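**Student:** In order, the protein sequences belong to chains A and B. Anchor point for the first sequence: position 109 equals 109 in this note's numbering, and the numbering is continuous, going up by one each time. Anchor point for the second sequence: position 32 equals 180 in this note's numbering, and the numbering is continuous, going up by one each time.
There are 2 protein chains.
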Amino acid sequence: MGTQYQGTKAEIQALATYIKLVRATESVSNRIHRHLATTGLTASQFGVLEALLHLGPLMQRQLAEKLLKSGGNITMVIDNLEKRGLVKRDRQAEDRRCITVCLTPEGEQLIQNLFPTHVAAVLAEMSSLTESEQEELGRLCRQLGKRE
Amino acid sequence: MGTQYQGTKAEIQALATYIKLVRATESVSNRIHRHLATTGLTASQFGVLEALLHLGPLMQRQLAEKLLKSGGNITMVIDNLEKRGLVKRDRQAEDRRCITVCLTPEGEQLIQNLFPTHVAAVLAEMSSLTESEQEELGRLCRQLGKRE
DNA sequence: AGATTTTTGTTAGATGTCAAACTATTCAAT
DNA sequence: ATTGAATAGTTTGACATCTAACAAAAATCT
Numbered sequence: 001m002g003t004q005y006q007g008t009k010a011e012i013q014a015l016a017t018y019i020k021l022v023r024a025t026e027s028v029s030n031r032i033h034r035h036l037a038t039t040g041l042t043a044s045q046f047g048v049l050e051a052l053l054h055l056g057p058l059m060q061r062q063l064a065e066k067l068l069k070s071g072g073n074i075t076m077v078i079d080n081l082e083k084r085g086l087v088k089r090d091r092q093a094e095d096r097r098c099i100t101v102c103l104t105p106e107g108e109q110l111i112q113n114l115f116p117t118h119v120a121a122v123l124a125e126m127s128s129l130t131e132s133e134q135e136e137l138g139r140l141c142r143q144l145g146k147r148e
Numbered sequence: 149m150g151t152q153y154q155g156t157k158a159e160i161q162a163l164a165t166y167i168k169l170v171r172a173t174e175s176v177s178n179r180i181h182r183h184l185a186t187t188g189l190t191a192s193q194f195g196v197l198e199a200l201l202h203l204g205p206l207m208q209r210q211l212a213e214k215l216l217k218s219g220g221n222i223t224m225v226i227d228n229l230e231k232r233g234l235v236k237r238d239r240q241a242e243d244r245r246c247i248t249v250c251l252t253p254e255g256e257q258l259i260q261n262l263f264p265t266h267v268a269a270v271l272a273e274m275s276s277l278t279e280s281e282q283e284e285l286g287r288l289c290r291q292l293g294k295r296e
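(1) Which residue comes first and which comes last in the alpha helix (DSSP H) that contains Cys289(B)?
(2) Which residues in chain B sit within 7 angstroms of Thr25(A), going by Cβ to Cβ distance?
(3) If I follow the unbroken alpha helix (DSSP H) through Thr100(A), where does it start and stop?
(4) Pull up the distance between the alpha-carbon of Lys69(A) and that of Ser44(A), whole angstroms please.
(5) What residues match up with Met207(B) in a beta bridge as DSSP calls it?
(6) Which residues mark the beginning and the end of the alpha helix (DSSP H) in which Lys9(A) is found?
(7) Whose CA, out of Glu256(B), Ser275(B), Gly293(B), Cys289(B), lies closest to the CA of Gln143(A)?
(8) I need the straight-line Cα distance from Cys102(A) to Gln112(A), nearest angstrom please.
(9) Is Lys231(B) helix, strand or coil by DSSP?
(10) Go through its chain and collect everything with a Cβ distance to Pro264(B)'s Cβ below 7 angstroms, but skip five positions before and after it.
(11) Let me know the secondary structure DSSP gives Lys88(A) once reduced to three states.
(12) Between the Cα of Ala158(B) and the Cα atoms of Ala124(A), Gln109(A), Gly40(A), Leu67(A), which residue gives the shortest distance?
(13) Taking the C-alpha atoms as reference points, what is the distance between Gln257(B) and Gly7(A)?
(14) Compute the Euclidean distance between the alpha carbons of Asp238(B) and Ala172(B), then round it to the nearest angstrom.
(15) Using 8 angstroms as the threshold, is the C-beta distance between Ile247(B) and Met207(B) below it?
(16) In chain B, which residues lie less than 7 angstroms from Glu133(A) when you measure between Cβ atoms?
(17) Going along the region 193-205 of chain B in order, which residues come within less than 7 angstroms of chain A, judged by CB to CB distance?
(18) Restricting to Cα atoms, I'd like to know which of Gly72(A), His35(A), Leu140(A) is closest to Val119(A).
(19) What is the C-beta distance between Glu133(A) and Leu288(B), in whole angstroms, given that I count them as a contact (C-beta under 8 angstroms)?
(20) Compute the distance between the beta-carbons of Gly219(B) and Arg209(B), then report whether it is under 8 angstroms.
(21) Could you tell me whether any Cβ in chain B is nearer than 8 angstroms to the Cβ of Ser70(A)?
(22) Exposed or buried, which one is Thr38(A) when buried takes at least 16 other CB atoms within 10 Å?
(23) Looking at the ligand SAM, does it come within less than 7 angstroms of Leu52(A), judged from the CB to the closest heavy atom?
(24) Is it buried or exposed for Gly56(A), if we count other Cβ within 10 angstroms and need 16 for buried?
(25) Just mark Gly188(B) as buried or exposed, buried being the case when its beta carbon has 16 or more other beta carbons within 10 Å.
(26) By the 10 Å Cβ neighbour count, where 16 or more other Cβ atoms means buried, how is Lys146(A) classified, buried or exposed?
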């Protein structure tokens with residue numbers, strides 16, 4: 001059994017490109033995050049810590065936007081980071097709806113130590129491409145992501 | 149607060165390209181799968197049905213490989229598809245460890261109806277790029293995914 | 001044949017993820 | 001000022017996802 005899809009040339013091209021894009025991104029991301037396993041951090045938790053390190057304290061809403069995740073999801077990720085003592089929640093006095101999330105000293109220590117390894121992993125992965133190929137890839141991705 | 153990362157040019161380039169790749173892939177995938185919401189199917193369930201449609205009945209292990217997911221995960225996705233009566237499990241007589249998953253008539257009907265919409269969505273997304281840009285993107289992705 | 005290893009699938013426990021319903025608080029408009 | 005709309009977080013329920021531990025069956029080895 002198994003039906004082969006009969007489509008136009010443009011459809012077949014689009015499908016093939018899309019599959020390659022998704023596969024490559026998954027493979028690369030998985031390899032880049034592999035080193036996190038030893039730290040007990042998940043990719044999402046790492047993402048939050050990294051954002052806080054480079055952008056400073058943020059509200060949960062802002063974190064959700066940066067990381068393209070839902071608000072409910074961020075609540076849980078922050079919960080788990082807070083349990084481990086890596087971040088702290090601070091309800092704001094000016095607007096009591098808002099909660100600012102910031103790194104604890106332990107959290108900052110951890111992400112500071114981890115980040116260079118992350119950069120090295122990203123560099124290693126992207127080294128499959130030359131500098132100008134990376135630029136071209138970036139350009140194509142920007143083009144793709146545009147609309148909405 | 150907020151520390152800016154001081155890295156070499158190559159590191160900064162690699163990080164920027166990686167971010168763009170991940171963001172673009174997420175955006176495009178989310179938009180492509182948006183139409184599934186009306187059907188109550190998840191992206192994973194759609195992936196299984198599509199694989200079964202185009203490749204015919206498969207063992208769970210093969211599905212896990214095709215979709216790059218863990219065996220435990222496939223068990224649950226198939227469970228949920230089976231509850232809805234879209235697929236059927238068949239224990240094999242020759243090798244009683246193996247279970248072959250195949251589409252039920254309802255499942256085949258559904259995926260047959262859905263697939264053209266999916267193709268149209270993929271085509272629409274990829275139309276941000278010209279044909280030769282898509283080829284180039286595919287080439288760069290293949291290059292990236294290589295190692296392991 | 002009998003013991004060991006490998007393969008296939010399931011289960012358990014933890015985290016992630018979303019959408020939708022809900023609470024609390026602030027803002028806006030009449 | 002009271003009401004109504006918008007915003008920030010939380011909770012809930014369902015599904016996804018992984019790893020690790022498990023069970024059953026088959027393959028391999030001695």
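Note that CB positions come from ideal geometry on N, CA and C, so glycine has one too. Since the structure is predicted, the reported quantities are computational estimates derived from the model, not experimental observations.
**Tutor:** Put simply:
(1) 279-293
(2) Leu169, Val170, Thr173
(3) From DSSP, Thr100(A) is part of no alpha helix (DSSP H) but of the beta strand (DSSP E) over 99-103.
(4) Spanning the two alpha carbons is a distance of roughly 10 angstroms.
(5) DSSP, once it has assigned bridges, lists Thr248(B) as partnering Met207(B).
(6) 9-33
(7) Ser275(B)
(8) 14 angstroms
(9) In this structure, Lys231(B) counts as helix in the three-state DSSP scheme.
(10) By the criterion of a C-beta distance shorter than 7 angstroms, Pro264(B) is surrounded by no residue of its chain, once the five residues flanking it on both sides are discounted.
(11) Strand at Lys88(A).
(12) Minimum Cα distance to Ala158(B) is reached at Ala124(A).
(13) Rounded to the nearest whole angstrom, the C-alpha separation of Gln257(B) and Gly7(A) is 19 angstroms.
(14) 39 angstroms
(15) yes
(16) The CB of Glu133(A) comes closer than 7 angstroms to the CB of Leu288 in chain B, given here in chain order.
(17) Leu201, His202, Leu203, Gly204, Pro205
(18) His35(A)
(19) 6 angstroms
(20) yes
(21) no
(22) exposed
(23) The ligand SAM is not part of this structure, which contains no ligands at all.
(24) With fewer than 16 Cβ atoms within 10 Å of its Cβ, Gly56(A) is classed as exposed.
(25) exposed
(26) exposed
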